[in-house]
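First the structure, in the form of structure tokens, and then the observations on it.
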Amino acid sequence: MDDRVTDEAPSSMNGYFPPQEPSKAQSARCQGPPAAPVDLPPASSSSCPSSSTSPPVFCIECEDQTAEVTCLGCEEDFCRPCWLFQHRRGKRAEHRVQALLGDVMAPPQVPAEEREGEGAVGTGEAGGREDGEEEAVADMMVGEEEGEEEEGPGFGAGGGSVRVEGPPEDTAVPPDWVDRYEEEVSQAQAFLCRPAAQKMLWDRAEVTPLRLTARERRLLGVLESALNVSTYTDHVDALGRRATRQSRMVEELERVFATILGLMICADPARGRALVVHPIAEHGDFFREIFEVGRRYKVMNPEKLRGTHGKLMYMLQDAQGRSLQAQIGFGSCVKPLATVGALLKDRAQEGFLQDARVLLASRDVSARRGERGRAEARREAWMKRRAARELQVEWGTGELSSDDVQRLLDSMADANNYLNFNVRPVKRVLRQLQDNFAVDEVEEGFSLAIGGGKPGRRESGGAGPKLSHDHATHYTYVWQSLRLWREVMQSMFRLWFLADQDLLSPPGPSSPSSSFPSYSSSPSYTLLNTGQGLNRVQACPAVGAEMRSILQRVQRECGAWVGLSVVHLGDRDVPNALMFIDKYTQVPRILSPIAKVIEECLLASVYGKREEEEEEGVPDEDEEGGEDGGEGDPEEGGKQRGRRGMGADALYNQALAAYAKDVWGSAGNLKMHVLTDFFRRAFDGDGDDGGSCIDGRLTSAWNWCSKIAKKPYYHAFLLAGFTGFDGDWGRED
1 MDDRVTDEAP
11 SSMNGYFPPQ
21 EPSKAQSARC
31 QGPPAAPVDL
41 PPASSSSCPS
51 SSTSPPVFCI
61 ECEDQTAEVT
71 CLGCEEDFCR
81 PCWLFQHRRG
91 KRAEHRVQAL
101 LGDVMAPPQV
111 PAEEREGEGA
121 VGTGEAGGRE
131 DGEEEAVADM
141 MVGEEEGEEE
151 EGPGFGAGGG
161 SVRVEGPPED
171 TAVPPDWVDR
181 YEEEVSQAQA
191 FLCRPAAQKM
201 LWDRAEVTPL
211 RLTARERRLL
221 GVLESALNVS
231 TYTDHVDALG
241 RRATRQSRMV
251 EELERVFATI
261 LGLMICADPA
271 RGRALVVHPI
281 AEHGDFFREI
291 FEVGRRYKVM
301 NPEKLRGTHG
311 KLMYMLQDAQ
321 GRSLQAQIGF
331 GSCVKPLATV
341 GALLKDRAQE
351 GFLQDARVLL
361 ASRDVSARRG
371 ERGRAEARRE
381 AWMKRRAARE
391 LQVEWGTGEL
401 SSDDVQRLLD
411 SMADANNYLN
421 FNVRPVKRVL
431 RQLQDNFAVD
441 EVEEGFSLAI
451 GGGKPGRRES
461 GGAGPKLSHD
471 HATHYTYVWQ
481 SLRLWREVMQ
491 SMFRLWFLAD
501 QDLLSPPGPS
511 SPSSSFPSYS
521 SSPSYTLLNT
531 GQGLNRVQAC
541 PAVGAEMRSI
551 LQRVQRECGA
561 WVGLSVVHLG
571 DRDVPNALMF
581 IDKYTQVPRI
591 LSPIAKVIEE
601 CLLASVYGKR
611 EEEEEEGVPD
621 EDEEGGEDGG
631 EGDPEEGGKQ
641 RGRRGMGADA
651 LYNQALAAYA
661 KDVWGSAGNL
671 KMHVLTDFFR
681 RAFDGDGDDG
691 GSCIDGRLTS
701 AWNWCSKIAK
711 KPYYHAFLLA
721 GFTGFDGDWG
731 RED
């Protein structure tokens, strides 16, 4: 048996170990820790004894699944899912493993020409860059460069990356790192000389939330605990109660306030005792602060507070009423969200953003696949730390303290990571559309045409495609929809802030480019049964204006628009801004698993074929790389099947490869069936309130997700580690 070990981070362990007969080493591991790994040639299959010679070893974590790997750091045996979950982050992410069953899955060796290719599979960078200042700012702050590998495949929307650190402070760095640092500072300075770039950077800073301090995190814990036990919306948004709705609001608000004060005694006894000795009416500043912390945290972490954020926003929406403000005694419960721009304005340090080193110090640095990618990530981490130290020395002695400078940089880096999380899945799926389909060419069996103009084809009850498109029309429709989603994801921070404004401010004229107004008057809404229960229907002027601006920008870039241009807001389809923002936070959750499965198919196809050639003694030949496709006009097509840079150490999923070969004939055929079905059925207008309008495109995609378990290729998703499209509701780690 081959006892070599892998040094891969868990994000690279995408393949299942194939079931094989247990080896003699398995029974030896039952007696004690595993021996030191030895680099031995693979043993022949005949050397493995039968399963009757040794008892099965079970996973130390779940205790009911057969162990598949031994962690050399923990010195324990795990099944693959448990090992992945236990070693996702922290120091455990550096642990090495070796297989209990069969040969160790060593990372495949990729030719140098391929490692220097155009990027990782499915990263979504579709060739040429967009000529836009916002895209340029994002690239400068994320640290991507043309031709570099990006993060490898991963089920998280941000790819399978891990954060890295550069060398310690007292470690000598290579001379070329210093030269590269100075070069990038010069490039960033030249970039910031453009007025449009400065304006774009400042506009982003105005909607970049500040990272929570340690004190604010304690307040967040108190707020979340209070909201978890609150029944505010259950009692207030209900019909047929004896007491008036106004009295129920006051009663529930007082309960929330009392709960928060009680929990403060536990979280911070000194401050809690000081608060409870005074009446609630004297604690307006405290409640405004704690509610702002919760709202700001949600903007930066959409996966968190999923069961309590809506309750918080509806409670604050009611508390904005003048009659309620008079009864609670301290006026409004709302204050503007703390942002990078607001802090700089408050300290009169707007020039901080004109320092070129800010772009380097706020980059989102993540490990890329392959030794070359990791070395570059370590270099970028060192440059990021050096730029941050220099900024602290230069800017941390006046109005801004050193801690303030670090907090600003961390907040901007968090924002860049957040945008990667949202934008990258859309780019990856958009690239798959362009790489595997052409607007003017139909591959047999993989046409994107839907409906066919035959209403009778729709199933009873109204299910089935609501649109009728030929291949070229539907290709353009999907392409335009993904382009629109990409622009929306790039504007998510601004949309979050505008949604907050619409929910907590009165309806009226509002310009998305103006500064956000103060929250003072009573928002107007109507409690209606929209077909999905009672909902608060409220106008969304600020969000609506921003969405129309985004749509017009995309339409100018895409040419003739396919489908409707209606943006549903403040009606029965999208009752209020909270519902709108919740719908669009689903986009990366929908697209990331699809992109992941497609990348697994690509890896299985390429590396599986290579292994077959090696077994047959066929010499390696350089694969033809696809030309850089770009996003270009769909009328020019985009079909490029060339293999883009795989990453030097991408492990392919052997179980998925075997399934694809046995059931679908090949991994490539499986990939095309998944893509064809998704592009056809997820954009056919099906689903309640579906159609070709802006909101209906996302509705039909979510409707497709609800049927994934009935798809013939569902097992491919399971073999790739798929657990669901809706994220983790209960995990708050």
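So the sequence shown is numbered by the UniProt record's numbering: it starts at 1 and just counts up by one. A virtual CB, placed ideally from N, CA and C, is assigned to each residue, including glycine.
Rounded C-beta distance between residue i and residue j? I'm assuming under 8 angstroms.
| i | j | result |
| --- | --- | --- |
| Asp686 | Pro465 | 6 angstroms |
| Asp662 | Lys711 | Rounded, the Cβ-Cβ distance is 17 angstroms, inconsistent with contact. |
| Lys534 | Asp64 | Note on residue identity: the sequence assigns Leu, not Lys, to residue 534. With 8 angstroms as the limit, Leu534 and Asp64 do not qualify as a contact, their Cβ atoms being about 44 angstroms apart. |
| Leu504 | Leu408 | Wrong, their Cβ atoms sit about 26 angstroms apart, outside the cutoff. |
| Ile550 | Ser491 | 6 angstroms |
| Ala716 | Leu670 | 6 angstroms |
| Thr530 | Arg572 | 4 angstroms |
| Ser402 | Leu210 | Ser402 to Leu210, Cβ: 16 angstroms. No contact. |
| Arg271 | Met264 | 6 angstroms |
| Pro588 | Pro425 | 5 angstroms |
| Arg379 | Trp177 | 5 angstroms |
| His469 | Ala449 | 6 angstroms |
Classify residue i: buried if its beta carbon has 16 or more other beta carbons within 10 angstroms, exposed otherwise.
| i | result |
| --- | --- |
| Phe437 | buried |
| Gly696 | buried |
| residue 751 | The chain is shown from 1 up to 733; residue 751 falls before or after that span and cannot be answered. |
| Pro56 | exposed |
| Gly721 | buried |
| residue 742 | Past the edges of the chain, shown from 1 to 733, lies residue 742, and the structure says nothing about it. |
| Gly691 | buried |
| Thr208 | buried |
| Ser706 | exposed |
| Arg215 | exposed |
| Lys298 | buried |
| Phe85 | exposed |
| Glu444 | exposed |
| Cys540 | buried |
| Val229 | exposed |
Excluding the 5 residues preceding and the 5 following residue i in the sequence, name in chain order all residues of the same chain whose CB lies nearer than 6 angstroms to its CB.
| i | result |
| --- | --- |
| Ser518 | Residue placement at Ser518 is flagged as unreliable, the pLDDT there being 46, under the threshold of 50; a coordinate-derived value is accordingly withheld. |
| Gln325 | Gly331 |
| Leu400 | Arg347 and Gln349 |
| residue 734 | Given that the chain is displayed from residue 1 to residue 733, the structure contains no residue 734 and the question cannot be resolved. |
| Gly73 | His95 |
| Gly329 | Ala281 |
Comparing C-alpha positions only, which one of the options sits nearest to residue i?
| i | options | result |
| --- | --- | --- |
| Leu719 | Ala655, Glu390, Lys671 and Arg386 | Ala655 |
| Leu353 | Lys199, Arg681, Phe286 and Cys558 | Lys199 |
| Trp496 | Ala542, Arg486 and Leu527 | Ala542 |
| Glu390 | Arg357, Ser481 and Tyr181 | Arg357 |
| Gln501 | Val334, Ala388 and Ala658 | Val334 |
| Ala172 | Glu68, Trp382, Ala197 and Glu182 | Trp382 |
| Tyr477 | Arg204, Val562 and Tyr418 | Val562 |
| Met672 | Ser706, Ala577, Gln432 and Leu239 | Gln432 |
| Asp268 | Arg296, Val222, Asp435 and Val293 | Val222 |
| Leu360 | Trp479, Arg378, Tyr181 and Leu275 | Tyr181 |
| Leu227 | His87, Gly559, Tyr713 and Ala258 | Ala258 |
| His283 | Ile260, Asn301 and Arg296 | Ile260 |
| Tyr713 | Arg273, Arg483, Ala657 and Ala449 | Ala657 |
| Arg680 | His471, Ile708 and Ser247 | His471 |
| Arg385 | Gln406, Ala188, Gln327 and Leu569 | Gln406 |
| Gly544 | Phe580, Ala560, Arg204 and Leu337 | Phe580 |
| Arg92 | Cys71, Gly451, Ala99 and Leu100 | Cys71 |
| His309 | Leu100, Glu224, Cys558 and Gly398 | Glu224 |
| Ser605 | Ser666, Val423 and Phe191 | Ser666 |
Can you name, in chain order, every residue of its own chain whose Cβ lies under 7 angstroms from the Cβ of residue i, other than the five neighbours on each side?
| i | result |
| --- | --- |
| Trp202 | Gly341 and Leu353 |
| Glu76 | Ile60 |
| Cys62 | Cys79 and Cys82 |
| Pro593 | Phe155, Phe717, Phe722 and Phe725 |
Would you please verify whether the beta carbon of residue i is less than 8 angstroms from any beta carbon of chain E?
| i | result |
| --- | --- |
| Met547 | This model lacks chain E altogether; it includes just one protein chain. |
Cutting at 8 angstroms between CB atoms, please list the residues of its own chain near residue i, excluding the five before and the five after it.
| i | result |
| --- | --- |
| Tyr525 | Gln317, Arg536, Val537, Gln538 and Asn576 |
Can you find a heavy atom of the ligand ZN that lies under 7 angstroms from the Cβ of residue i?
| i | result |
| --- | --- |
| Phe291 | What this structure holds is no ligand at all, so the ligand ZN is not there to describe. |
Which whole runs of the alpha helix (DSSP H) in the region 409-475 are 4 residues long or more, in chain order?
none
Completely contained alpha helix (DSSP H) runs for the region 231-317, where each covers 4 or more residues:
232-236, 245-267, 269-276 and 284-300
What runs of the alpha helix (DSSP H), each 4 residues or longer, lie entirely inside the region 543-604?
577-584
Would you mind listing the beta strand (DSSP E) stretches within the region 646-711 that are 3+ residues and don't spill past its ends, in chain order?
none
Length-filtered (4 minimum) alpha helix (DSSP H) runs lying within the region 326-353:
340-346
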